[in-house]
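**Q** Take this structure, written in structure tokens, and hold onto it; I'll ask about it next.
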Amino acid sequence: MSKTLKALIFDVDGTLSNTEADGHRVAFNRAFDEMGINWYWDVETYGKLLAVTGGKERMKYFASDFLTKENVPENLETIIPEIHKTKTRHYTELLSTGAIPLRTGVKRLINEAREKGLRIAIATTTTPENVTALLEHTLGKESISWFDVIAAGDVVPAKKPAADIYEYALKSLNLEADECIAFEDSENGILSSQGAKLKTIITTNDYTLDHNFNGAAIVLNHMGEPEQSFSVTQGEANGFSYLNCDMIEFLHATA
Ligand code: XBP
Ligand code: MG
1283 MSKTLKALIF
1293 DVDGTLSNTE
1303 ADGHRVAFNR
1313 AFDEMGINWY
1323 WDVETYGKLL
1333 AVTGGKERMK
1343 YFASDFLTKE
1353 NVPENLETII
1363 PEIHKTKTRH
1373 YTELLSTGAI
1383 PLRTGVKRLI
1393 NEAREKGLRI
1403 AIATTTTPEN
1413 VTALLEHTLG
1423 KESISWFDVI
1433 AAGDVVPAKK
1443 PAADIYEYAL
1453 KSLNLEADEC
1463 IAFEDSENGI
1473 LSSQGAKLKT
1483 IITTNDYTLD
1493 HNFNGAAIVL
1503 NHMGEPEQSF
1513 SVTQGEANGF
1523 SYLNCDMIEF
1533 LHATA
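Heads up: the sequence shown runs through residues 1283 to 1537, numbered per the working numbering.
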């Protein structure tokens, strides 16, 4: 018999909000521009770069796998932290304009989970200040305190697909994997959550539609709303048309 569900652990980028194409990507390009680096990441190229999580790691991957040697700045290793700091400034500025909303159903589900006494947490590879900026500008400043744990960025040495960030979140919550459920949008994300033995609910986005979600509790196009039902691409919704706590409890017990 499965244990009682006690906490929901959310990925951020692509799951809470479609931050990548219109947020992170734009911020990277602004940082390259500001620092006089002759790089530009279009939407398609950025999709390929998402194979590597973490902004600093992604820039190194671009330099090693997408550029010829003579186009890589000589001092790349030393300037990456500075480019990334500049990118984080541009990204949080973008969020502060309210340009990047939460995905369908996210706000409703978080509110419902809190009302039902479920604990909520974050497990993401992005930088901590990006998470707090997103929460602040979508759910309000006070929402940061709703999350028992915000596990983010370099707090663990190995980013997703490694399981480390979910294991860190579980440890901080002082809960077992079978008392929690994870929310992800990508293959690297589910490899990480499943590596930590978490059941995982997937909501796909344009960048992750054709990812492999083997073993997911369910795969949806979004979380849905009472007036806007999700579509199911993998798994059994058991008559539910939007993701609420009853449906999550059903998936936690059966999937
Ligand atoms: C998110 C990431 C992050 C962001 C950029 O992956 O890979 O690197 O794209 O954020 P996930 P930083 O949703 O699987 O956690 O530049 O702050 O790393
Ligand atoms: Mg993600």
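The beta carbon of each residue, even a glycine, is placed where N, CA and C say it ideally should be.
Classify T1335 as helix, strand or coil using the three-state DSSP reduction.
**A** Coil.
**Q** On the three-state DSSP scale, how would you describe L1391?
**A** L1391 falls in the helix class under three-state DSSP.
**Q** Measure the alpha-carbon distance for P1410 versus V1437 and round it to whole angstroms.
**A** Answer to the nearest angstrom: the Cα atoms are 9 Å apart.
**Q** Am I right that V1394 and N1526 are in contact with their C-beta atoms under 8 Å? What's the rounded C-beta distance?
**A** Looking at the sequence provided, one finds Glu at residue 1394 rather than Val. 6 Å between Cβ atoms; contact.
**Q** What distance in whole Å lies between the Cβ atoms of T1486 and D1460, which are believed to be in contact at a cut-off of 8 Å?
**A** The pair is not a contact, with the Cβ atoms about 25 Å apart (cut-off 8 Å).
**Q** Between which two residues does the alpha helix (DSSP H) containing Q1476 stretch?
**A** Element bounds for Q1476: E1469 to G1477.
**Q** If you draw a straight line from the C-alpha of P1443 to the C-alpha of L1376, how long is it?
**A** When rounded, the distance between both Cα atoms is 27 Å.
**Q** What would DSSP say about G1435, mapped onto helix, strand or coil?
**A** Note: G1435 maps to helix in three-state DSSP.
**Q** On the three-pair Cβ rule with 8 Å, is the stretch 1417-1429 touching the stretch 1327-1338?
**A** No, because fewer than three Cβ pairs between the stretch 1417-1429 and the stretch 1327-1338 fall closer than 8 Å, the two stretches do not touch.
**Q** Please confirm whether T1407 and I1362 have their CB atoms less than 8 Å apart.
**A** Result no, Cβ atoms of T1407 and I1362 do not sit closer than 8 Å.
**Q** Give a single yes or no on whether R1312 has its beta carbon closer than 7 Å to a heavy atom of the ligand HEM.
**A** In the structure on display, the ligand HEM does not appear, and the ligands it does have are the ligand XBP and the ligand MG.
**Q** Would you tell me roughly how many angstroms separate the C-alpha atoms of F1314 and L1298, rounded to the nearest one?
**A** In a straight line, the C-alpha of F1314 is about 26 Å away from that of L1298.
**Q** Apart from the five residues just before and just after P1383, which ones in its own chain have a Cβ nearer than 8 Å to its Cβ?
**A** S1299 and T1420.
**Q** Using a Cβ-based criterion (distance less than 7 Å to any ligand heavy atom), does K1369 qualify as near the ligand XBP?
**A** At least one heavy atom of the ligand XBP is nearer than 7 Å to the Cβ of K1369, so yes.
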